[in-house]
Structure formats: structure tokens, C-alpha cells
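Numbering of the sequence shown is given in this note's numbering, commencing with residue 1 and proceeding in unit increments.
Shown next, in C-alpha cells, is the structure this report addresses.
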Amino acid sequence: MELLQQIISTLKGVLSLILLVIYTLLGLSPVMLIALVKWLAPNQGLKRHCTYAVVKIAEYLVYAYKTTFEIIHRPKWDVAGLDGLSSQNSYLIIANHQAWSDIPVLVFLLVGRVPFFKFFLKKELIWLPFIGVACWALDFPFMRRHSKEELANNPQWRGKDLATTRELCKKLDGEPVSIVNFIEGTRFTPQKRIRQVSPYQHLLKPKSGGVAYVVSMLGDNLAAVIDMSIIYPGGPQNFWQFLSGKLKKVVVRVNKRAIPPQLHEGDYQASDEYREGFQQWVASLWLEKDALIESTLTKPVTK
Numbered sequence: 001m002e003l004l005q006q007i008i009s010t011l012k013g014v015l016s017l018i019l020l021v022i023y024t025l026l027g028l029s030p031v032m033l034i035a036l037v038k039w040l041a042p043n044q045g046l047k048r049h050c051t052y053a054v055v056k057i058a059e060y061l062v063y064a065y066k067t068t069f070e071i072i073h074r075p076k077w078d079v080a081g082l083d084g085l086s087s088q089n090s091y092l093i094i095a096n097h098q099a100w101s102d103i104p105v106l107v108f109l110l111v112g113r114v115p116f117f118k119f120f121l122k123k124e125l126i127w128l129p130f131i132g133v134a135c136w137a138l139d140f141p142f143m144r145r146h147s148k149e150e151l152a153n154n155p156q157w158r159g160k161d162l163a164t165t166r167e168l169c170k171k172l173d174g175e176p177v178s179i180v181n182f183i184e185g186t187r188f189t190p191q192k193r194i195r196q197v198s199p200y201q202h203l204l205k206p207k208s209g210g211v212a213y214v215v216s217m218l219g220d221n222l223a224a225v226i227d228m229s230i231i232y233p234g235g236p237q238n239f240w241q242f243l244s245g246k247l248k249k250v251v252v253r254v255n256k257r258a259i260p261p262q263l264h265e266g267d268y269q270a271s272d273e274y275r276e277g278f279q280q281w282v283a284s285l286w287l288e289k290d291a292l293i294e295s296t297l298t299k300p301v302t303k
């Protein structure tokens with residue numbers, strides 16, 4: 001019986017991978033053409049039209065991926081807090097980050113409920129064949145991660161990520177947007193937690209700078225911060241485990257957070273008081289998230 005289940009799981013993974021590749025190739029063909037037009041476009045108006053077209057293609061792809069995943073694998077979703085969202089509002093989406101599957105889980109649950117997503121990505125991803133171009137065409141911000149030692153040796157690199165965030169916010173020009181930021185900066189592992197001396201049991205330390213700048217730049221256009229807690233009772237899954245249906249249950253809790261009034265305006269870089277206040281607020285969200293993850297993982301399983 002176990003061997004049969006393994007064979008079925010492998011076949012499901014192969015089928016999922018084949019369909020994933022087919023959908024992606026079908027979507028990338030027009031995206032590459034539109035990206036070329038966007039690159040050559042002589043004005044911002046045409047560039048915005050190109051971005052809109054790429055976004056619509058990306059939305060259809062997400063729906064295709066989601067439908068295929070649910071038909072083949074039938075995962076158990078335990079989700080709360082999605083009510084009251086609107087594709088006409090702008091949101092900053094923050095979430096804990098454990099595995100590759102965090103991204104499809106997030107987009108599967110939120111697509112159509114909020115404006116299409118813009119992810120903060122590592123700079124190196126722009127060099128991925130085709131995918132990097134597609135992310136550029138979608139106006140995803142690319143961030144370069146530096147260690148404390150690198151920043152100490154190259155102080156001119158400080159503030160580069162905030163400059164990238166500023167550029168993105170200017171491009172939006174009042175359009176509704178969902179900006180996604182996994183604010184731990186990297187995927188959680190017990191080893192990273194130990195090295196970082198994280199005060200949390202299930203999380204790494206959050207980085208507040210990008211959050212503060214999005215809040216500052218979007219101002220009154222920001223309807224809320226969507227705080228997503230993604231929890232895997234069976235443990236986080238890698239790419240192949242996700243495709244082969246090993247992800248049996250996902251618990252997601254969504255909280256819409258209002259920005260505290262005292263943090264609506266301020267200079268994160270110049271004001272120590274504002275920066276400390278913002279860091280304390282984000283830390284309080286992370287403390288609550290850590291407690292939620294712990295209580296969920298230790299809850300007795302009911303049949």
C-alpha cells in the first residue's frame with residue numbers, strides 16, 4: 001500500500017510539473033513580446049499599458065495553477081480572515097517565510113481579492129531566463145541583500161533597497177497595488193534562527209525598513225497591512241513535495257492591520273524616534289505571529 005501511494009504521488013508530481021511547464025510556456029510567449037515593447041516604449045503611458053497586459057496574463061496563469069493544484073491534490077485549507085478585501089484598494093502584504101510553497105499559497109488565496117502582487121525579489125533572480133524578464137515586466141522590485149560586513153566596507157550601498165522601494169511607489173501613480181514583502185528577508189530554518197539569535201521560536205527577526213518606506217510613500221492610499229501567518233502542521237515542503245501532493249494541510253490566518261496614527265508620517269532613516277517606534281510595532285506583530293504559530297502547531301489533532 002505504501003509503495004502504491006508513493007507511485008501515485010510521483011505520477012501526480014510528474015503530471016503537475018508537465019502542466020506547470022505548459023502553462024508557463026503558453027504565458028511566457030506573449031509576455032516576452034510585451035516586455036520587449038515595454039522596454040522600447042517611448043513614454044510612461046505605453047509602459048503602463050504593457051504592464052497591465054502582463055498582469056492580466058499573470059492572473060490567468062495563477063488561476064490555472066490554482067485550479068490544477070486543487071483538482072489533482074485536493075489540499076485541506078484552513079483559512080480565516082479573507083473577508084473585507086478589495087481589488088480596488090492598495091495593500092502591503094507581509095508574511096512569514098518558511099518554504100518555496102509560501103508564494104503559491106499566498107497568491108492562490110489572495111488572487112482576485114486584492115490587486116495583483118508585486119514581490120520584493122532578490123536581485124540575482126532578474127538573471128533567471130525568461131522568468132527574470134517577466135518579473136521585470138510586472139514591475140517587481142529587485143533588492144540586493146548585503147551582510148553587515150559588506151555594508152561596513154561599502155557604506156554607499158546603504159539605502160539602496162529603500163531607493164528601489166521609492167522608485168516602485170512612484171511608478172504606481174495612485175493605482176491600486178498589493179506589495180508583498182517577506183520581511184524576514186530569507187526563509188526560516190532552525191540554523192538561521194540560532195545564528196541570528198532570534199527572540200522568536202518559529203520566526204527570524206523582521207526587517208522594518210521596507211515596510212516603513214511603503215507606508216510612507218503610499219500614505220493615505222494604503223488601505224491596510226495584510227499580515228499573513230502561513231503554517232504547515234506537517235512541516236514545510238520543498239518544490240517536488242509541493243508538486244507531488246505532500247502538502248496535505250495549510251493553516252493561514254489573515255489579519256488586516258491598521259497603521260498606528262503616530263507612524264503615518266515620519267522619516268525612517270533620519271528619525272531615531274520614528275524608526276524605533278516602527279521597529280517596535282513590527283516586532284509586536286511578529287511576537288503575536290510567533291505565539292499563533294506555536295499554538296497552532298501544538299493544538300491536538302481532531303478527526
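Here a beta-carbon is modelled for each residue, glycine too, at the ideal position from N, C-alpha and C.
Between the alpha carbons of residue i and residue j, how many angstroms are there, rounded?
i	j	result
P236	V180	20 Å
P261	L109	29 Å
V307	S295	In this structure the chain extends from 1 to 303, so residue 307 is not present and cannot be described.
L285	V177	22 Å
K56	L125	22 Å
F69	L17	10 Å
H73	F242	9 Å
T6	A99	With the sequence shown as reference, residue 6 is identified as Gln, and Thr is not the correct amino acid for it. The straight-line gap from Cα to Cα measures roughly 22 Å.
V37	C50	7 Å
G185	V211	12 Å
L4	A64	28 Å
I8	I103	25 Å
Buried or exposed: which applies to residue i, given that a residue is buried once 16 or more other Cβ atoms fall within 10 Å of its Cβ?
i	result
I22	exposed
Y52	exposed
V79	exposed
H202	buried
V197	exposed
Can the beta-carbon of residue i be found less than 9 Å from the beta-carbon of residue j?
i	j	result
I230	V105	yes
R257	D290	no
G234	K12	no
P190	V282	no
V215	L85	no
Given residue i, which residues of its chain have a CB within under 6 Å of its CB, disregarding the five upstream and five downstream residues?
i	result
A134	V31
F142	L121, K123 and I126
Since residue i and residue j should fall inside the 8 Å C-beta cutoff, what is the C-beta to C-beta distance between them, to a whole number of angstroms?
i	j	result
K76	K249	4 Å
L333	F130	Outside the displayed range of the chain (1 to 303) lies residue 333, so it cannot be described from this structure.
R113	S90	Contact flag wrong, Cβ pair sits at about 13 Å.
N96	F188	7 Å
Leaving out five residues on either side along the sequence, give the residues of the same chain with a beta carbon under 7 Å from the beta carbon of residue i.
i	result
F117	V107, S178 and V180
G81	R253, V254 and N255
Q223	At residue 223 the sequence reads Ala, which differs from the Gln that was named. Here the set comprises N89, S90 and Y91.
So, for residue i: in the same chain, excluding its five sequence neighbours on each side, which residues have a beta-carbon less than 8 Å away from its beta-carbon?
i	result
L247	H73, P75, S101, Y232, G234, Q237 and Q241
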